[in-house]
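Undergrad:
2 protein chains.
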Amino acid sequence: MTVSDRPPTLADIARDAGVSVSTASRVLAGTGYASPAARGRVTAAADRLGYVPDVAARALARGSGVRLVVLAAGASAAVLDDPYVDRVVGAAARVCAPLGMGVALNWLPSRNPGDLRRLAADRGVGGVVLLNATARVLDAVPTALRGRVVSIGIGSPQVPSVDVDNAGGTEAVVGHLYATGRRRIAMVTGPHWMPCSGRSVTAYRRMMREAGLPARTVSGDFTARRGRVAAREVLTRWPDVDAVVGISDATALGVIDRLRGDGVQVPGDVAVTGFDDIPLAAMTTPALTTATHPVAEIATAAATAALAGGRVGPLTTFPSRLVRRVSA
Amino acid sequence: MTVSDRPPTLADIARDAGVSVSTASRVLAGTGYASPAARGRVTAAADRLGYVPDVAARALARGSGVRLVVLAAGASAAVLDDPYVDRVVGAAARVCAPLGMGVALNWLPSRNPGDLRRLAADRGVGGVVLLNATARVLDAVPTALRGRVVSIGIGSPQVPSVDVDNAGGTEAVVGHLYATGRRRIAMVTGPHWMPCSGRSVTAYRRMMREAGLPARTVSGDFTARRGRVAAREVLTRWPDVDAVVGISDATALGVIDRLRGDGVQVPGDVAVTGFDDIPLAAMTTPALTTATHPVAEIATAAATAALAGGRVGPLTTFPSRLVRRVSA
DNA sequence: GGTTGTCGTGGTAGCGCTTCCAGGTGTCTC
DNA sequence: GAGACACCTGGAAGCGCTACCACGACAACC
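So the protein sequences, as listed, match chains A and B. Residues in the first sequence are numbered from 7 upward in steps of one, following the numbering used here. Residues in the second sequence are numbered from 7 upward in steps of one, following the numbering used here.
(1) In chain B, what lies closer than 7 Å to N112/A by C-beta?
(2) Is V180/B near the ligand NAP, judged by its Cβ being under 7 Å from some heavy atom?
(3) So V61/B contacts chain A; which residues on that side make the cut at Cβ distance below 7 Å?
(4) Quick one: what's W113/A bridged to in DSSP?
(5) Out of F228/A, I158/A, I253/A and N172/A, point me to the one whose CA is closest to S326/A's CA.
(6) For R330/B, count neighbouring Cβ atoms within 10 angstroms of its own Cβ and tell me buried if that reaches 16, exposed if not.
(7) With a 10 Å radius around its C-beta and 16 neighbouring C-beta atoms as the bar for buried, classify A20/B as buried or exposed.
(8) For M7/A, which of helix, strand or coil comes out of DSSP?
(9) Which residues in chain B sit within 8 Å of T29/A, going by Cβ to Cβ distance?
(10) Taking only runs of the beta strand (DSSP E) that begin and end inside the region 141-190 of chain A, which ones reach a length of at least 3 residues, in chain order?
(11) Return the residues of the region 77-110 of chain B that lie within a Cβ-Cβ distance of less than 7 Å from chain A, sorted by chain order.
(12) R93/A and G132/A - do their beta-carbons sit closer together than 8 Å?
(13) Whole angstroms is fine: what's the gap from V4/B's alpha carbon to P245/A's?
(14) Answer yes or no: does any C-beta atom of chain A fall closer than 8 Å to that of V332/B?
(15) Taking buried to mean at least 16 other C-beta atoms within 10 Å of its own C-beta, is S28/B buried or exposed?
(16) Relative to chain B, which residues along the region 242-265 of chain A have a C-beta separation below 8 Å, given in chain order?
(17) Should P292/A and S333/A be called a contact, given that it needs their Cβ atoms to be closer than 8 Å?
(18) Whose CA, out of D283/B, R68/B and T15/B, lies closest to the CA of V179/B?
(19) Output, in chain order, the set of chain B residues within a Cβ distance shorter than 7 Å of T291/A.
(20) Please list the terminal residues of the continuous alpha helix (DSSP H) segment that includes V247/B.
(21) For V224/B, which residues from the same chain have a beta carbon less than 6 Å from its beta carbon, with the 5 sequence-adjacent residues on both sides left out?
(22) Should F217/B be labelled buried (16 or more other beta-carbon atoms within 10 Å of its own) or exposed?
(23) Output needed for L286/A: all residues of its chain with C-beta closer than 7 Å, excluding positions within five of it in sequence on either side, in chain order.
(24) For D263/B, count the other beta carbons within 10 Å of its own beta carbon; 16 or more makes it buried, fewer makes it exposed. Which is it?
(25) Between the C-alpha atoms of A67/B and P89/A, what's the straight-line distance to the nearest angstrom?
(26) Under a CB-based cut-off of 8 Å, is G56/B close to chain A?
(27) Tell me where the alpha helix (DSSP H) around L55/B begins and ends.
(28) Mind reading off the beta-carbon distance from L77/A to V135/A? Whole number of angstroms is fine, and I expect it under 8 Å.
(29) Grab the span of the alpha helix (DSSP H) containing T257/A for me, first residue to last.
(30) Answer with yes or no whether the minimum CB distance from P285/B to chain A is below 8 Å.
(31) So A209/B and G233/B are supposed to be a Cβ contact under 8 Å. How far apart are they, rounded?
(32) Can you name the residues of chain B whose CB is closer than 7 Å to the CB of A230/A?
(33) So which residues of chain A does P13/B contact, with C-beta pairs closer than 9 Å?
(34) Quick one: is A65/A near chain B, going by C-beta distance under 8 Å?
(35) Using 8 Å as the threshold, is the C-beta distance between V170/B and H299/B below it?
(36) Since I believe V156/B is in contact with A62/B (beta carbons under 8 Å), could you give me their beta-carbon distance rounded to a whole number of angstroms?
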């Protein structure tokens, strides 16, 4: 019983189990009829010979795809360098592994979303996870891709989407600030045209309004660098501020750095909160109070849905949880 | 001239260009002979019809793989949660995209590296990037996989590897400390059995010896939490310490946090350095002086080599560069 | 007894591509 | 002039798998 040098094929399994290739295929793919006896012999043979189905052959025969594409939309290819993108890709790669599939990472220039056509013409594409999409991009999704595309962030009638509950997270954070006695609460936002920022800002404004407090916003861009600048601006415009809501952890860290540099105590004089709960939020001084952003869960859901046919409903949101630490 | 609903195949291109399928294949794959005229007509047709080769069919015919597998070795599946792994996967996904391939992420339990057999039997696997491997794991790599496996970290005669120049980075950091007048330099190491930690520690010890200074090490584990504990230990054992070399940025951050909590000025009383240059190293207070760890470059090289046939030489190291900031 | 079913099975035609092979042109050399 | 050799082309045999189809058993129902 000498073991062949090349990996066993379905035909080898069928021969070994004493059934036809069709039957072996049916058993291993779990489709169609097969007697318990045949089933047993086939699985045993597959097991014994260490059979691994050839994804390429299967995809070719079934007309299914062989990889999931994470498509990061944006003005410049620099979007690909965002660690956030890597986390999405990592989660997607975990989803793909048991299916014998893989993930590729592409950039979709926001200027010409026509590159989507190329994806639609590629039989290897089993699903697409859209990142950072705009309404324009969503409209450019070809019909041929419908049902295989899931967007993380903004969605549309045609393209289902998943995202974190920005409003909920912001409410949790602002609510916490209010509950701990803060009343002069400012916010450093993201770019106004970004939906995720927009939802947070709207939630913040609403809560302030309902509390009869004035909304005070300064625009930032999710970075720590911009957070520093924004902190200075906040201090200048509202010297009596007693809390700053950062649109992201990086922003909050920048704010804290500037504040402390100016001799302002955090959280003593001013409380600061973030959003994302990045790993380092727990190790900075002071440790950051923030709202979680379950990126892995979101990406896993998006990848799974994209591969399964895109059925996740028009918009699925994942809850954001308050993490109380020291900064607020 | 109505456009068909299904993506064009090679046969469509051949027909449109007025050549045989063989010729079209040769032109598009760039193999074998083809007259300039034929070449022109085929590429024009492919362009006009928006042809995208079917990776699955190609892989089936060529017997090549369809995805790259990032294989994280380790005791528990928790290794997959390391952000470092995500960065490697992200870089690999960028490499795969233009090839029509994808990346999958698998866990290889260190107890039974026999799972490698399964990979060897899988025709879909075009290459493997091994992470966190040990000598045992390297020895378990089946012959069938030789030439398609590249390890990030430790290597072996059979398995080529790429890694950051830990020794060089550590030398840069220790050299900087020495140059700025520090003489009582302690180090918080990683687990002694990890090669990357070992190389750093050896470099540190050698430099200290050559400078006629005593080596002072405390063991850590790359985390900030453990860094805090280690800082306390350093302070207790060597109250006169004036510099601490962290094995990682997270470690350094933990050390700094503890030091400042104990009223020690950084870098005034004690200088602290890290290793990795994570994004947040620039935004903490004080900003961290550290040595770079070009993860993306390393992973790109590993993925490229794994897909190209593994020829990178037995061990390729990537330089680590000193980044001077505030903490040292 | 036929007519329906549901089950279980094997044969075989593809899926879209590459690659080998057999054939055709030419051009160069002895 | 014949051979040798480069260049260029199309036909066709697969790569490993799925899915359709035809076939046969057997049971249940009028």
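Here a beta-carbon is modelled for each residue, glycine too, at the ideal position from N, C-alpha and C.
TA: Judging by the given coordinates:
(1) Those are A103, listed as they occur along chain B.
(2) Inclusion of the ligand NAP in the displayed structure is not the case, the ligand content being empty and no account of it being possible.
(3) Result: V72 and G130.
(4) According to DSSP, which records beta bridges pairwise, W113/A is partnered with A78/A.
(5) When the alpha-carbon of S326/A is set against those of F228/A, I158/A, I253/A and N172/A, the nearest one is in N172/A.
(6) Within 10 angstroms of the beta-carbon of R330/B lie fewer than 16 other beta-carbons, which makes it exposed.
(7) By the 10 Å Cβ count, A20/B comes out buried.
(8) Because the pLDDT of M7/A is 44, which lies under 50, any placement of that residue in the model is unreliable, and the question is left without a value.
(9) Within chain B, no residue comes near T29/A; the closest Cβ sits about 21 Å away, beyond 8 Å.
(10) Runs found: 155-158 and 167-170.
(11) Residues of the region 77-110 of chain B with a C-beta atom less than 7 Å from some C-beta of chain A are L86, P89, V91, D92, R93, V95, G96, A99, R100, C102, A103, G106, M107, G108, V109 and A110, listed in chain order.
(12) It is not a contact, given that the beta carbons lie outside the stated cut-off.
(13) It is not possible to answer for residue 4/B, since the shown part of chain B is limited to 7 through 334.
(14) It does not: the Cβ of V332/B has no partner Cβ on chain A nearer than 8 Å.
(15) So S28/B ends up on the exposed side.
(16) Of all residues in the region 242-265 of chain A, A256, L259, G260, I262 and D263 have a Cβ within less than 8 Å of some Cβ in chain B.
(17) Cβ distance < 8 Å, so P292/A and S333/A count as in contact.
(18) Among D283/B, R68/B and T15/B, the Cα nearest to that of V179/B belongs to D283/B.
(19) The answer, in chain order, is D263 and R266.
(20) Run containing V247/B: none; DSSP gives neither H nor E here.
(21) Contacts found: V194, A236, E239 and V240.
(22) The sequence given here places Ala at residue 217/B; Phe does not occur at that position. By the neighbour-count criterion, in which 16 or more other beta carbons inside 10 Å mark a residue as buried, A217/B falls on the exposed side.
(23) Excluding the 5 residues flanking it on each side, L286/A has no same chain C-beta neighbour closer than 7 Å.
(24) If you draw a 10 Å sphere on the C-beta of D263/B, you find 16 or more other C-beta atoms in it, and that means buried.
(25) Whole-angstrom Cα-Cα distance: 37 Å.
(26) Proximity of G56/B to chain A, defined by a Cβ-Cβ separation below 8 Å, is satisfied.
(27) Residues P42 to L55.
(28) Indeed, because the Cβ distance is near 7 Å, the residues count as touching under 8 Å.
(29) Here the alpha helix (DSSP H) through T257/A covers D255 to G267.
(30) Interface residue (Cβ-Cβ distance to chain A less than 8 Å): P285/B is classified as such.
(31) Contact flag wrong, Cβ pair sits at about 19 Å.
(32) For a Cβ distance threshold of 7 Å, residue set M289 of chain B lies close to A230/A, ordered along the chain.
(33) Simply A126, A127, D128, R129 and A150.
(34) Interface residue, yes.
(35) For the pair V170/B and H299/B, the CB atoms are nearer than the 8 Å cut-off.
(36) With a Cβ gap of about 25 Å, A62/B and V156/B do not count as contacting.
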